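Per the working numbering, numbering through the sequence shown is continuous, rising by one, with the last residue being 317. For glycine and all other residues, C-beta sits at the position ideal for the given N, C-alpha and C. Everything numeric in this text was worked out from a predicted model, so none of it was measured.
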Amino acid sequence: MMLPVSAGYIEAKARVIRGTDRITAFISAAGEFKADSKNVARRAKIEQMLRELKDILWKVEEDIQYMENAVSQGTAKIDVKYTSSSRALSTTFDNLYYELAAFADVQKISLSPVLDLSLSATLNKTIGSGSTNVSHDQLPKRSSFEIFEFPIFSGIITERQGFDDLFNSIMSHAPELPDVE
């Protein structure tokens, strides 16, 4: 049995609603953390939730775009003629997302997994200074490196633009990094 063309619209809308529900649960957990901010377990829980936040954002944005394309191409549900439903869902999600992003900023909690790019930085500095024969003995110990937080690209082509924008934003706020890093 073949599903109607509008099934994609309905599935995308359901995923957006589930994403919004997850963000609402994250806000509830953030409230619990604020009430007991010394609780290490709650902090670990909220940190893990917040690391998932950008992935949820990208998926929701993709589904909102799918819904809007379905409306413009006439493949949405028969009774859906305008993008007002997707816009309302997008606005609701965005409000919740930015509330959590602000909470993370105030609490100094990263929204991205941490990557240690310091080895690359050290290699670039060593090679840039004229030494091209670098052994592991010449590198400083990891503990002396500064750690930078960067998002990880999932490999999904529709998420590339968002990743690229976020990466460039981070890089523009790190003037201490030379262009080669």
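Per DSSP, reduced to three states, the secondary structure at Asp191 is helical.
In this structure, Tyr202 sits near Ala148, with a CB-CB distance shorter than 8 Å.
If you draw a 10 Å sphere on the C-beta of Ser220, you find fewer than 16 other C-beta atoms in it, and that means exposed. According to the DSSP assignment, Thr227 belongs to the alpha helix (DSSP H) that extends over 220 to 243.
According to the DSSP assignment, Ser164 belongs to the alpha helix (DSSP H) that extends over 143 to 171. Counting other Cβ atoms within 10 Å of its Cβ, Asp157 stays below 16 and is therefore classed as exposed. Of the candidates Ile146, Thr227, Lys244, Thr227 places its Cα closest to the Cα of Leu193. Within the same chain, Cβ atoms closer than 7 Å to the Cβ of Ile200 are found at Val152, Ser222, Leu225, Ser226, the five residues on either side in sequence being excluded. Using a 10 angstroms sphere on the CB of Ile292, the tally of other CB atoms stays under 16, which defines it as exposed.
Only exposed fits Ala150, as fewer than 16 other CB atoms lie within 10 angstroms of its CB. When DSSP states are grouped into helix, strand and coil, Thr294 belongs to the helix group.
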